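Notes to accompany the following structure.
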Ligand code: GDG
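In my numbering, the protein residues as written are 3 to 740.
What follows is the structure in structure tokens.
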């Protein structure tokens, strides 16, 4: 399937707009917002035009609109109340996602209330996007604040072209799974057509999480992930800067009247604990300690732009830095020399450019950083005597900026040595390193990043290649080895496509053939586990070699096992007759009741969709009144006897009676099912077998992996039918076997 993508307008959404509005004496004043996202996307929007949706920094009154003269694009403010700011922005986004994604989980502050607000605000952003969305537009959502937004936009506009870019690292599986809401975040991101990251390492962390936590199929080679009936692409797009702008700003930047006699070491960061400012100050202190000759010869200028000042972690960090600066200046300072100049505010662009240009060393030592633009801006601004970039290995930028002196920011001793080396580095080496860095950043600049991202985001959509036997070889080959296999399969939606009425469901020829092949193998036993009555499902599948579990496992029979019928079944069969009669009295054209002995199903697939919930609720309450358990199924509600016996119990019963209590040593278990009731079996088999949830739905599952449809199940069975023979076990013989 190839679909052509024409280009409409660009709709960008990020937590903050590029302007921060303040109310002063009743009037609105717009200033620039700080941070890397704005630094990257503002020039992009100036080039592309379009509309930027985000929080303007203050609550606007209903009659106030936001028009910024000469911006080159429109801005749409999204309002956030002080409580919403506290819960959505400070609470969940910056109190949970920010530290966790930067591999600092001990700084997380979890509060379930904040998650609710996070969901609500993501929905609000999605509504604002949808309001402006026209055919052929590209929606580009940014960063961790809005991870659920793609899913909410997708729900409203299934065909929208949606891309997402994450500006911070994506953490490894072991850390990401700490998050209680990890499924929702992954599903949110995967609703995009394209999810972009700074580095290949973050892409592969994301792929690991999706594969292990959602069970989704991931094609790592092509960067494709199956999500329901869609495919999301994932790729690395390392962000660059507007190189020429920084270069010319440095050339034109103010020059000091007199060249300072000391060498400047420069740090430029938002005041954030991920930036490693205290560690950096300690490394500088250590360098002054070890190299007294440097005292008075160097000076450290640290710019720390105030950020997230309401979060307690940031207040504590500010205090720590203030104390460290005071201590170091007190310890080494002289009347004619201050070791550290600490500037706790934002400085204007031209002044920053001049500082970048004149610095001998840039100390860019974050503990973890998605990319880090300061490193790149420093390089582009080195128009005079080349300085040295000292760069943390933990910054995304370090993956490509190989000619920098790369350091471990936690290792104070190592950073201090590298700093000394940078200050002493001969011109030849400084020149060679800086030239190489400049060449790369000039070539891979912001314009290239934008072109590559937008081109990929608007590429025609592809279906993912269908699942193949080789996939099952990699998922099941090592697991099954030479063991005997016990394969459990649901019927409707797993072995045969769902039809408008259960009596119309039919196994396709290819499936019938492959089932027969599996059934003939001596090392493989098949069991069909269905919500249908036992006789019904046995008639549908029509193969005497299989075991059948009907009525969600209340009745079981077949070769090699003890037939089973739950002792309470007769009692519930009688009560079910009355319940059938009662449900049949619900007056809805197209709804009907399937009687299955001790259980029943109330179907409403043929009824208008808007009536579904009301009908389901009526059925649920009648079922509960009659003393049965109500379970939602696909366009249906099932009534089951409350006897604590489900498909999971049925599977374990079959395994125990067929292979003995030590079954887990001799057989490998595979289970595939498409229904909510199969989740019981997935739970029972968790850690004991390989489970597959079939179907395009994206709701959470306990299954290990997902298969898109009946065809994928057929491919799995073909792999099973053709796999190398397992060890020769005696096939259990039963009197009922033909
Ligand atoms: C996030 C990710 C990723 C700083 N002080 C002043 C000032 N700045 C500007 C810098 C730079 C930007 O702020 C900071 O960007 P970074 O990339 O270093 O860091 P974050 O804000 O944490 O950004 C980061 C980025 O998003 C982009 O994807 O690289 O990893 O954490 O542009 O120049 N600008 C001015 N005065 C200052 O005092 N004018």
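Ideal Cβ placement from N, Cα and C applies to all residues, glycine included. What you are looking at is a predicted structure, and each value in this text was computed from that prediction instead of being measured.
Just the C-alpha distance for residue i and residue j, rounded to the nearest angstrom, thanks.
{"i": "residue 422", "j": "residue 147", "result": "39 Å"}
{"i": "residue 436", "j": "residue 445", "result": "14 Å"}
{"i": "residue 50", "j": "residue 43", "result": "10 Å"}
{"i": "residue 507", "j": "residue 215", "result": "32 Å"}
{"i": "residue 612", "j": "residue 591", "result": "13 Å"}
{"i": "residue 560", "j": "residue 527", "result": "11 Å"}
{"i": "residue 323", "j": "residue 707", "result": "48 Å"}
{"i": "residue 94", "j": "residue 111", "result": "8 Å"}
{"i": "residue 64", "j": "residue 85", "result": "18 Å"}
{"i": "residue 179", "j": "residue 212", "result": "11 Å"}
{"i": "residue 738", "j": "residue 720", "result": "Annotation note: pLDDT 46 at residue 738 (below 50); position unreliable, no value reported."}
{"i": "residue 674", "j": "residue 139", "result": "39 Å"}
{"i": "residue 381", "j": "residue 22", "result": "28 Å"}
{"i": "residue 329", "j": "residue 293", "result": "18 Å"}
{"i": "residue 741", "j": "residue 624", "result": "Because the chain spans 3 through 740 in this model, residue 741 falls outside it and cannot be assessed."}
{"i": "residue 727", "j": "residue 670", "result": "14 Å"}
{"i": "residue 117", "j": "residue 90", "result": "7 Å"}
{"i": "residue 373", "j": "residue 713", "result": "42 Å"}
{"i": "residue 35", "j": "residue 370", "result": "22 Å"}
{"i": "residue 378", "j": "residue 405", "result": "12 Å"}
{"i": "residue 597", "j": "residue 629", "result": "16 Å"}
{"i": "residue 136", "j": "residue 10", "result": "8 Å"}
{"i": "residue 687", "j": "residue 650", "result": "7 Å"}
{"i": "residue 462", "j": "residue 349", "result": "44 Å"}
{"i": "residue 38", "j": "residue 15", "result": "15 Å"}
Under 8 Å, do residue i and residue j count as touching if we go by C-beta distance?
{"i": "residue 207", "j": "residue 175", "result": "yes"}
{"i": "residue 718", "j": "residue 474", "result": "yes"}
{"i": "residue 288", "j": "residue 132", "result": "no"}
{"i": "residue 97", "j": "residue 313", "result": "yes"}
{"i": "residue 368", "j": "residue 411", "result": "yes"}
{"i": "residue 173", "j": "residue 241", "result": "no"}
{"i": "residue 530", "j": "residue 550", "result": "yes"}
{"i": "residue 145", "j": "residue 184", "result": "no"}
{"i": "residue 217", "j": "residue 699", "result": "no"}
{"i": "residue 420", "j": "residue 407", "result": "yes"}
{"i": "residue 219", "j": "residue 609", "result": "no"}
{"i": "residue 443", "j": "residue 143", "result": "no"}
{"i": "residue 641", "j": "residue 602", "result": "yes"}
Please list the terminal residues of the continuous alpha helix (DSSP H) segment that includes residue i.
{"i": "residue 213", "result": "Unbroken run through residue 213: none, as it is neither H nor E."}
{"i": "residue 131", "result": "114–134"}
{"i": "residue 713", "result": "712–724"}
{"i": "residue 513", "result": "511–522"}
{"i": "residue 70", "result": "That residue, residue 70, is in no alpha helix (DSSP H); it is neither H nor E in DSSP."}
{"i": "residue 39", "result": "38–50"}
State the start and end residues of the unbroken beta strand (DSSP E) segment that holds residue i.
{"i": "residue 79", "result": "76–79"}
{"i": "residue 11", "result": "Here residue 11 belongs to no beta strand (DSSP E), and DSSP marks it neither H nor E."}
{"i": "residue 692", "result": "691–696"}
{"i": "residue 363", "result": "363–366"}
{"i": "residue 564", "result": "No beta strand (DSSP E) holds residue 564; DSSP gives it neither H nor E."}
{"i": "residue 59", "result": "Element bounds for residue 59: n/a, residue is neither H nor E."}
{"i": "residue 24", "result": "21–26"}
Would residue i count as contacting chain C if we go by Cβ distances under 8 Å?
{"i": "residue 650", "result": "Here chain C cannot be found, since the structure has a single protein chain."}
Is residue i a contact residue of the ligand HEM, with contact defined as CB to any heavy atom under 7 Å?
{"i": "residue 169", "result": "Ligands displayed in this structure: the ligand GDG; the ligand HEM is not among them."}
- Length-filtered (4 minimum) alpha helix (DSSP H) runs lying within the stretch 228–255: Listed in chain order, the complete alpha helix (DSSP H) runs (minimum 4 residues) inside the stretch 228–255 are 245–254.
Query - Cβ pair count under 8 Å reaching 3, the stretch 146–165 against the stretch 186–203 - result: The stretch 146–165, when compared against the stretch 186–203, does touch it at the 8 Å Cβ threshold.
Which residue spans inside the stretch 304–361 form an unbroken beta strand (DSSP E) run of at least 3? Fully enclosed beta strand (DSSP E) runs of 3 or longer: 342–345.
* Check whether the stretch 549–566 touches the stretch 504–523, taking contact to mean three or more Cβ pairs, one atom from each stretch, closer than 8 Å. => As far as the Cβ criterion goes, the stretch 549–566 does not touch the stretch 504–523, which means the pair count is below three.
> Which runs of the alpha helix (DSSP H) spanning at least 4 residues fall entirely within the stretch 267–311, listed in chain order?
Replying inline: DSSP runs (the alpha helix (DSSP H)) wholly in the stretch 267–311: 279–292.
| In chain order, which beta strand (DSSP E) runs of at least 3 residues are fully inside the stretch 144–206? | As far as the stretch 144–206 is concerned, its whole beta strand (DSSP E) runs of at least 3 residues are 163–167, 196–199.
Checklist line | Contiguous alpha helix (DSSP H) assignments of at least 4 residues, all confined to the stretch 568–623 | finding: If only complete runs of 4 or more residues are kept, the stretch 568–623 shows the alpha helix (DSSP H) at 571–586, in order along the chain.
Item to complete: Examine the Cβ distances between the stretch 540–550 and the stretch 490–498 and report whether three or more of them are shorter than 8 Å.
Response: Counting Cβ pairs under 8 Å, three or more are found: they touch.
Okay, do the stretch 257–272 and the stretch 357–372 touch, 3+ Cβ pairs below 8 Å being the bar?
Verdict: yes, contact present.
Within the stretch 376–408, note down every full beta strand (DSSP E) run reaching 3 residues or more, in order along the chain.
Runs of the beta strand (DSSP E) inside the stretch 376–408: 390–394.
| Do the stretch 641–652 and the stretch 563–582 make contact, defined as three or more Cβ pairs closer than 8 Å? | Remark: three or more beta-carbon pairs, one from each stretch, lie closer than 8 Å, so the stretch 641–652 and the stretch 563–582 are flagged as touching.
Open item on the list: Is it the case that the stretch 233–249 contacts the stretch 423–435, given that we only count it when at least three CB pairs across the two stretches are under 8 Å?
Closed with: Fewer than three pairs of CB atoms, one per stretch, sit closer than 8 Å, so the stretch 423–435 makes no contact with the stretch 233–249.
Quiz item: Can you find at least 3 beta carbon pairs, one from the stretch 71–79 and one from the stretch 45–62, that sit closer than 8 Å?
Solution: Yes, the stretch 71–79 touches the stretch 45–62.
Touch check for the stretch 652–672 and the stretch 570–582: three-plus C-beta pairs under 8 Å? In this structure the stretch 652–672 does not lie against the stretch 570–582, because fewer than three pairs of beta carbons, one per stretch, are closer than 8 Å.
Could I get the ranges of all uninterrupted alpha helix (DSSP H) runs contained in the stretch 418–479, with 4 residues as the minimum, in chain order?
Counting only unbroken stretches of 4 or more residues, the alpha helix (DSSP H) elements lying wholly within the stretch 418–479 are 429–445, 448–459, in sequence order.
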